[in-house]
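As they're listed, the protein sequences go chains A and B. Numbering follows the numbering used here, with no gaps: position 86 of the first sequence is 86. Numbering follows the numbering used here, with no gaps: position 267 of the second sequence is 267. Every residue, glycine too, gets a C-beta built ideally from N, C-alpha and C. Note that the structure is a prediction, hence the values are computed from the model and not measured. Everything below concerns the one structure shown next.
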Amino acid sequence: MNPVNYLYLAGLLFTIGATGVLIRRNAIVVFMCVELMLNACNLAFVTFSRLHGNLDGQVIAFFTMVVAAAEVVVGLAIIVSLFRARHSASVDDASLMKL
Amino acid sequence: MEKLIALLIAAPLLGAAVLLLGGRRLDRVGHWIGTLLSTASFVFGLVLFTDLLGRNAEHRTLIQHLWTWIPVEGFQADVTFRLDQLSMTFVLLITGVGSLIHLYSVGYMEHDERRRRFFGYLNLFLAAMLLLVLADNYLLLYVGWEGVGLASYLLIGFWQHKPSAATAAKKAFLVNRVGDMGLSIAIMLMFTTFGSFAFGPVFGHVDGASQGKLTAIGLMLLLAACGKSAQVPLQSWLGDAMEGPTPVSALIHAATMVTAGVYLIVRSAAVFDAAPDAQLAVTVVGAVTLLFGAIVGCAKDDIKKALAGSTMSQIGYMVLAAGLGPIGYVFAIMHLVTHGFFKAGLFLGAGSVMHGMNDEVDMRRYGGLRKYMPVTFVTFGLGYLAIIGFPGLSGFFSKDKIIEAAFAKGGTEGWILGGAALVGAAITAFYMTRVMLMTFFGEERWKNQATRSPEAPSAEPAAEHRGETAEPHPHESPKVMTIPMIVLAVGSVFGGGFFSIGDRFLYWLEPVTGHSEGHSPVSAGEVTAATMVCLVIGVAVAWAQYGRKPVPAVAPRGSLLTRAARRDLLQDDFNHVVLVRGGEHLTRSLVYLDHTLVDGVVNGTAAGFGGLSGRLRRLQNGFARSYAVSMFGGAALLVAATLLMRAV
Numbered sequence: 001m002n003p004v005n006y007l008y009l010a011g012l013l014f015t016i017g018a019t020g021v022l023i024r025r026n027a028i029v030v031f032m033c034v035e036l037m038l039n040a041c042n043l044a045f046v047t048f049s050r051l052h053g054n055l056d057g058q059v060i061a062f063f064t065m066v067v068a069a070a071e072v073v074v075g076l077a078i079i080v081s082l083f084r085a086r087h088s089a090s091v092d093d094a095s096l097m098k099l
Numbered sequence: 001m002e003k004l005i006a007l008l009i010a011a012p013l014l015g016a017a018v019l020l021l022g023g024r025r026l027d028r029v030g031h032w033i034g035t036l037l038s039t040a041s042f043v044f045g046l047v048l049f050t051d052l053l054g055r056n057a058e059h060r061t062l063i064q065h066l067w068t069w070i071p072v073e074g075f076q077a078d079v080t081f082r083l084d085q086l087s088m089t090f091v092l093l094i095t096g097v098g099s100l101i102h103l104y105s106v107g108y109m110e111h112d113e114r115r116r117r118f119f120g121y122l123n124l125f126l127a128a129m130l131l132l133v134l135a136d137n138y139l140l141l142y143v144g145w146e147g148v149g150l151a152s153y154l155l156i157g158f159w160q161h162k163p164s165a166a167t168a169a170k171k172a173f174l175v176n177r178v179g180d181m182g183l184s185i186a187i188m189l190m191f192t193t194f195g196s197f198a199f200g201p202v203f204g205h206v207d208g209a210s211q212g213k214l215t216a217i218g219l220m221l222l223l224a225a226c227g228k229s230a231q232v233p234l235q236s237w238l239g240d241a242m243e244g245p246t247p248v249s250a251l252i253h254a255a256t257m258v259t260a261g262v263y264l265i266v267r268s269a270a271v272f273d274a275a276p277d278a279q280l281a282v283t284v285v286g287a288v289t290l291l292f293g294a295i296v297g298c299a300k301d302d303i304k305k306a307l308a309g310s311t312m313s314q315i316g317y318m319v320l321a322a323g324l325g326p327i328g329y330v331f332a333i334m335h336l337v338t339h340g341f342f343k344a345g346l347f348l349g350a351g352s353v354m355h356g357m358n359d360e361v362d363m364r365r366y367g368g369l370r371k372y373m374p375v376t377f378v379t380f381g382l383g384y385l386a387i388i389g390f391p392g393l394s395g396f397f398s399k400d401k402i403i404e405a406a407f408a409k410g411g412t413e414g415w416i417l418g419g420a421a422l423v424g425a426a427i428t429a430f431y432m433t434r435v436m437l438m439t440f441f442g443e444e445r446w447k448n449q450a451t452r453s454p455e456a457p458s459a460e461p462a463a464e465h466r467g468e469t470a471e472p473h474p475h476e477s478p479k480v481m482t483i484p485m486i487v488l489a490v491g492s493v494f495g496g497g498f499f500s501i502g503d504r505f506l507y508w509l510e511p512v513t514g515h516s517e518g519h520s521p522v523s524a525g526e527v528t529a530a531t532m533v534c535l536v537i538g539v540a541v542a543w544a545q546y547g548r549k550p551v552p553a554v555a556p557r558g559s560l561l562t563r564a565a566r567r568d569l570l571q572d573d574f575n576h577v578v579l580v581r582g583g584e585h586l587t588r589s590l591v592y593l594d595h596t597l598v599d600g601v602v603n604g605t606a607a608g609f610g611g612l613s614g615r616l617r618r619l620q621n622g623f624a625r626s627y628a629v630s631m632f633g634g635a636a637l638l639v640a641a642t643l644l645m646r647a648v
């Protein structure tokens, strides 16, 4: 199977993730879409690693997973405390940081 | 001997310091201190003069170096005095005539409670003028020059409670500032051209400088001279300066101040000789002023203002002569000295008349005073004969020489300048005869005039202080006033003859200024004859107008020229329209420009940025998703740019 197809898949996943981030209001869904984009990147890294025949891409993919795991911890904590404060998980409700 | 030079200045300067700082406890003796120190300066002058006379003509320059004022690499300013024949002449004139005026002021200012201060200012005036003529470089000369300006301001505005006097003082100071600016520019030009402003280096290197620079220096010096010597176009302060006490007018017109300009031109002879264009400008200024002053003098009914016009005209003669170059320098100074005698005498005489007439200055309210003030009449009369150039008296010798020198300039210029000088002589004879006839002859117009007519010029304020009645009782002035007048009258009679016979003055001054005869198209005898004819015409016309028929007590309307001359030939109107109005328009348009253009640019920039930031602020809406869009857009742009760069 042509590895380039994995790249198309990565692109598709990234686009779905990015669109989700931009158009969804629910913080949890936005968060999941961010994860989707990260994993799309991971897939691209691994594919390139395979294409070029060195392991750098696979190493980076592991890094990404670790960082994403840490990010999930912090991100979910923020979302939970936001929900507690405002009784809503909508990202548009948290719009006080403006002039 | 050199050590004495500083004392010449120190004596009056000490007087000024003591009198002005001493306070009221000196009120009773202050005037005598002032007179004594001024006379002391005169005595020092005489000692130095005899010393100079005992030397050879080549060794008559004394230099006294006191200290180095500004010792900077490449910029050396010294406090050094130079006493040569030219400065010696001025020193004797300034201290001699100045001391006589001091003596006269003792009587004239007797009832003024600020007499001590007045004498302090007089001494300051003398000290500044002496510094001016003794300086060995232009920078030190400038110090004296400014000192003279300051002292004249203080003295013209001495009766400062009168608004007119305060204004006149301000006017004199401001007009003089214009001239001072010329002098300071000239000094700067000298420094950039010659690397020095001391007399020696400047005059020694004139040959190496370009014609344009020399002409610029000459014209700037001329501007300076115009300011101090009241020459057209900076003449307007002189008439108003009559607001000062009469001795001040005498001092300004005879010994100090107005002579400074002539001194400056003659002292800078080397520069002017090398710049013919500047010289021509000097002669033109002199010729125009001598006619201008004379015409103004004809129309004035105020005795002091008539004399002021006359001074302007006579200084015009001197400037004309100084502009003629080596043909005229000596005669300019000679006329300056003789003029110092008779003009001081005339002013002191006028002061004496005012003293006896309740400070009335309108000649139409004089008349027939010769019976009441015989000494004043005789001394004033001798001064009058001297100024019109009556044969044998001072003015005859000095003015005649100037007219000869003007013709000797040669060519068309010579004819024009000589002609102007001759016409000036005729007008001089006319207006001085007019003053003489209106004051001392004719009917006694001051009688039965208990009430002043409203249009009469306001009298000096001392009259109210003395509480005298409106009807004057003319009387001779005290001895302390008449003695200086007598001395000056003697000088006016014999001075010119003493200087001219055997060409004494010429030989005395020639080593400093140089002298050449020129090529006169007319002989000396013919010039003298023409001058005499002009003199007779002037006197005859004045007699026909003011001697034969009675003088009306209220001035008739007069011709257009008379009315213009009464307004000083519209000099103030000209200044008002051109300078004051012009200045107002200029400042107004500048303010307008400032408001619209400068403020417009500044405010516009600020408003533009304000509006821009207002719009940019909208982007900061607080919605995390819109920030995500911008990030996404930015990242997309970066990727697109990278791809584009790759493709290229």
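Among the residues of the region 624-637 of chain B, those with a Cβ less than 8 angstroms away from any Cβ of chain A are Ala624, Arg625, Ala628, Val629 and Phe632, in the order of the chain.
In this structure Ser41 of chain B touches Leu8 of chain B by the C-beta definition: roughly 5 angstroms separates them, less than 8 angstroms. Only Val91, Asp92, Ala94, Ser95, Leu96 and Met97 from the region 79-97 of chain A bring a Cβ to less than 8 angstroms from some Cβ of chain B. Flagged as an interface residue toward chain A: Gly622 of chain B, by a C-beta distance shorter than 9 angstroms. For Leu55 of chain A, no Cβ of chain B is located within less than 9 angstroms of the residue's own Cβ. In the DSSP assignment, Gln235 of chain B falls outside any beta strand (DSSP E) and carries neither an H nor an E.
The Cβ neighbour count for Ala332 of chain B, taken over all protein chains shown within 10 Å, is at least 16; the residue is labelled buried. Residues of chain B whose Cβ lies closer than 7 angstroms to the Cβ of Ala77 of chain A do not exist; the shortest such Cβ separation is about 17 angstroms. A straight-line Cα-Cα distance of about 11 angstroms links Gly218 of chain B and Ile185 of chain B. Against chain B, the CB of Val21 of chain A has a partner CB under 9 angstroms away; the residue lies at that interface.
The DSSP-derived three-state label of Arg28 of chain B is coil. Collapsing the DSSP output to three states places Ser105 of chain B in a helix.
The C-alpha of Gln314 of chain B lies about 6 angstroms from the C-alpha of Leu290 of chain B. If you draw a 10 Å sphere on the C-beta of Asp599 of chain B, you find fewer than 16 other C-beta atoms in it, and that means exposed. For the set B:Gln76, B:Gly98 and B:Phe81, the Cα lying nearest the Cα of Val43 of chain B is the one of B:Gly98. Taking a C-beta distance under 9 angstroms as the contact criterion, Arg115 of chain B and His31 of chain B qualify as a contact pair. Ranked by Cα distance from Val133 of chain B, the options B:Arg504, B:Arg28 and B:Leu86 are led by B:Leu86. Counting of Cβ neighbours within 10 angstroms places Arg548 of chain B among the exposed residues, the total staying below 16.
Listed by position along chain B, the residues whose Cβ is nearer than 8 angstroms to that of Ala18 of chain A are Phe632. Interface annotation, Val72 of chain A: not in contact with chain B, CB-CB separation never under 9 angstroms.
Sorting B:Ser236, B:Glu443, B:Met220 and B:Gly502 by C-alpha distance to the C-alpha of Met181 of chain B places B:Met220 at the top. Between Ser630 of chain B and His595 of chain B, the alpha-carbon positions lie close to 42 angstroms from each other. Taking 9 angstroms as the cut-off, the Cβ atoms of Pro484 of chain B and Leu348 of chain B count as close. Rounded to whole angstroms, the separation of the alpha carbons of Gly286 of chain B and Leu417 of chain B is 9 angstroms. Annotation note: the region 513-583 of chain B contains no uninterrupted beta strand (DSSP E) run of length 3 or greater. A straight line joining the alpha-carbon of Gly424 of chain B with that of Ile388 of chain B spans about 10 angstroms. Contact fails between the region 575-589 of chain B and the region 56-68 of chain A, because fewer than three Cβ pairs, one in each stretch, are under 8 angstroms apart. A direct Cα-to-Cα measurement between Cys226 of chain B and Gly261 of chain B gives close to 7 angstroms.
Taking 9 angstroms as the threshold, the shortest C-beta distance from Arg50 of chain A to chain B does not fall below it. According to the DSSP assignment, Val648 of chain B belongs to no beta strand (DSSP E), since it is labelled neither H nor E. Using a Cβ-Cβ distance cut-off of 8 angstroms, the region 361-376 of chain B and the region 567-575 of chain B are not in contact, since fewer than three pairs of beta carbons, one from each stretch, lie closer than that value. The alpha carbon of Thr513 of chain B has as its nearest neighbour, out of B:Ala77, B:Glu58 and B:Gly45, the alpha carbon of B:Glu58. By alpha-carbon distance to Gly75 of chain A, the top candidate from A:Asn5, A:Val30 and A:Val46 is A:Val30. Bridge partners of Leu100 of chain B according to DSSP: none are assigned. Inter-residue distance for Ala530 of chain B and Gly411 of chain B is about 19 angstroms (C-alpha atoms, whole angstroms).
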